[in-house]
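This report concerns only the one structure given below.
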Amino acid sequence: IYNWGDYTNPKLIEKFEKQYNVKVTLDDYDSNETMLSKVRAGNSGYDIVVPSDYTVKIMIEEGLLEKTEPNAMPNGKNIDPRFLDIYWDSGRHYTAPWQFGTTAFSVNTDKFKGDINTLAILFNPPDELKGQINVLDDVNTVMHAAERYAGVPRCGSDKASLKKINDILMAAKPSWKTFSYDTITKITSGDVIVTEQWNGAAYRSRQKIPAIKYAYPKEGIEGWMDNVAVLKGAKNLENAKLFQDFVMAPENAALISEYAGYDN
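When you number the sequence shown by the numbering used here, it's gap-free, plus one each residue, and the end is 483.
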């Protein structure tokens with residue numbers, strides 16, 4: 220299994236291993252692009268990956284995934300209808316749901332008392348936050364946030380809009396201290412006051428420091444869903460299909476969310 224880092228409940232893996240008498244190897248990645256690059260190179264050695272929505276669509280179009288029909292598996296009946304006919308895998312012929320959530324940012328409100336529900340915190344921060352901000356090392360996430368702040372369409376090619384986004388990013392960059400996925404450590408250690416973050420990671424940060432609050436920017440927020448997919452030519456195809464069905468059982472989906480803090 221090749222999944223996002225710090226995203227898989229060890230209890231889930233232990234339960235699967237015991238139930239099906241298999242040994243699971245779990246490795247992690249830090250972005251869809253990292254995973255996709257490795258899979259495209261061939262012979263990754265993995266059976267299962269957990270790509271986000273738009274990446275699933277790319278992988279299906281490039282013939283990188285097995286058509287395993289999770290919708291027809293015994294636990295496929297548990298899929299919420301809202302997540303059955305989705306744009307990246309309509310009908311769920313390739314992927315099983317994993318978790319879904321949002322990406323915005325969190326602020327330690329013991330150290331900053333102002334309004335946090337605006338993307339200006341990232342892109343035009345007050346002096347007290349300059350040099351106290353971590354952003355994700357993920358070009359798509361940072362770009363999408365900048366597009367919302369600029370009020371321009373996402374994924375557009377209009378040169379004026381792109382220049383506006385570039386100007387915003389270049390002006391904001393000197394105020395950012397770090398680019399890191401380790402958002403929980405960044406904000407709970409006191410290294411930064413603000414970190415771009417996913418809502419589940421924000422929940423886990425808040426368990427350590429209650430003053431850490433997750434923002435809901437007035438300009439908009441990014442939503443996403445991660446999915447369990449089987450790679451084309453997987454050596455352990457049947458076990459991989461068992462895992463897809465396994466994660467769709469309610470009690471196992473609960474284990475996933477209990478650990479990472481996202482909805483399922």
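All C-beta atoms in this analysis are idealised placements derived from N, C-alpha and C, irrespective of residue type, glycine included.
The shortest CA-to-CA distance from F324 to any of N471, L450, A315 and L338 is the one to L338. Spatial neighbours of K257 in its own chain (CB-CB distance under 7 Å, excluding positions within 5 residues in sequence) are listed in chain order as S263. Taken in chain order, the whole alpha helix (DSSP H) runs of length 4 or more contained in the stretch 391-425 are 402-407. Straight-line measurement puts the Cα of G261 at about 31 Å from the Cα of Q416. Within its own chain, the residues whose Cβ lies closer than 7 Å to the Cβ of K286, once the five positions on either side in sequence are excluded, are H312 and Y313, listed in chain order. Secondary structure remark: continuous alpha helix (DSSP H) runs of at least 4 residues inside the stretch 233-267, in chain order: 251-260.
If you check the CB distance, N353 and T397 come in under 8 Å.
DSSP places N327 in the strand class (E or B) of the three-state scheme.
Contact between P289 and Q463 holds, since their C-beta atoms are separated by about 5 Å, short of 8 Å. Check the Cα spacing between D357 and each of D308, G375 and T414: the tightest is with T414. N222 is positioned such that its CB atom lies no closer than 8 Å to that of D249. Nearest to V447 by alpha-carbon distance, out of M362, N418 and V269, is V269. Excluding its 5 nearest sequence neighbours in each direction, L303 has C-beta neighbours in its own chain below 6 Å: R311, listed in chain order. For a cut-off of 8 Å, the C-beta gap from T227 to L255 is around 19 Å, too long to register as a contact.
DSSP, read as helix, strand or coil, puts M389 in helix. Segment contact: the stretch 433-453 against the stretch 330-346, three or more CB-CB distances shorter than 8 Å; contact assigned. Annotation: D482 to I412 spans about 26 Å, alpha carbon to alpha carbon.
Take G282, set aside five residues on each side of it, and the residues of its chain with a beta-carbon closer than 8 Å to its own are K451, in chain order. In the structure shown, the three-state DSSP call for T360 is helix. Contact annotation: I406 and R423 have beta-carbon atoms that are not nearer than 8 Å.
If you draw a straight line from the Cα of F465 to the Cα of V371, it is about 41 Å long.
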